[in-house]
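Following this note's numbering, the numbering of the sequence shown begins with 3 at its first residue and continues without gaps.
See structure below.
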Amino acid sequence: MDKKGAKGYWISTAKIIDQDLFDEYVNKVGPWLKEVGGQVFAKDTEPQGKERTEDANLAVICEFPSMRAAVEAYESEEYKELSKLRKEATENSTFTVMEGLDEAAKLRRAMGM
Numbered sequence: 003m004d005k006k007g008a009k010g011y012w013i014s015t016a017k018i019i020d021q022d023l024f025d026e027y028v029n030k031v032g033p034w035l036k037e038v039g040g041q042v043f044a045k046d047t048e049p050q051g052k053e054r055t056e057d058a059n060l061a062v063i064c065e066f067p068s069m070r071a072a073v074e075a076y077e078s079e080e081y082k083e084l085s086k087l088r089k090e091a092t093e094n095s096t097f098t099v100m101e102g103l104d105e106a107a108k109l110r111r112a113m114g115m
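Spelled out as structure tokens, the structure:
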């Protein structure tokens, strides 16, 4: 975990079933996300769901400075509480924490290797 220069990401899809409750989650998670060094990298409310995500009406990618930061944020007591709102407001949700490319991989890619 934490290859040099590699960022961490949360990847999530879901079908929102209670917009008001989901809005409450967004209003609370946004400021908290900044506090822990995260940011929304991409968001789509009309994703093209494939392979068991066909009914998703939300896809989000959050970026963190490192894989460790992404995991620690997800496992924090604060997010455990916040995620209850997300889980109650959605169904068929998926959530993955992953590590991005490290600096060496980015360099090889840029050089066409």
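For glycine and all other residues, C-beta sits at the position ideal for the given N, C-alpha and C.
Fair warning: this is a prediction, and the values are worked out from it, not measured in the lab.
Would you report the Cα separation of residue i and residue j, rounded to the nearest angstrom?
| i | j | result |
| --- | --- | --- |
| residue 135 | residue 8 | No answer is possible for residue 135: it lies beyond the span of the chain, which begins at 3 and ends at 115. |
| residue 92 | residue 18 | 4 Å |
| residue 14 | residue 113 | 31 Å |
| residue 107 | residue 73 | 22 Å |
Name the one or two DSSP bridge partners that residue i has.
| i | result |
| --- | --- |
| residue 27 | The partner list for residue 27 (beta bridge, DSSP) is empty, contrary to what the question assumes. |
| residue 17 | 93 |
| residue 42 | 64 |
Indicate whether residue i and residue j have their beta-carbon atoms separated by less than 8 Å.
| i | j | result |
| --- | --- | --- |
| residue 64 | residue 40 | yes |
| residue 99 | residue 34 | no |
| residue 16 | residue 60 | yes |
| residue 71 | residue 38 | yes |
Could you tell me whether the region 41–49 touches the region 80–100, where touching means 3 or more Cβ pairs closer than 8 Å?
Counting Cβ pairs under 8 Å, fewer than three are found: no touch.
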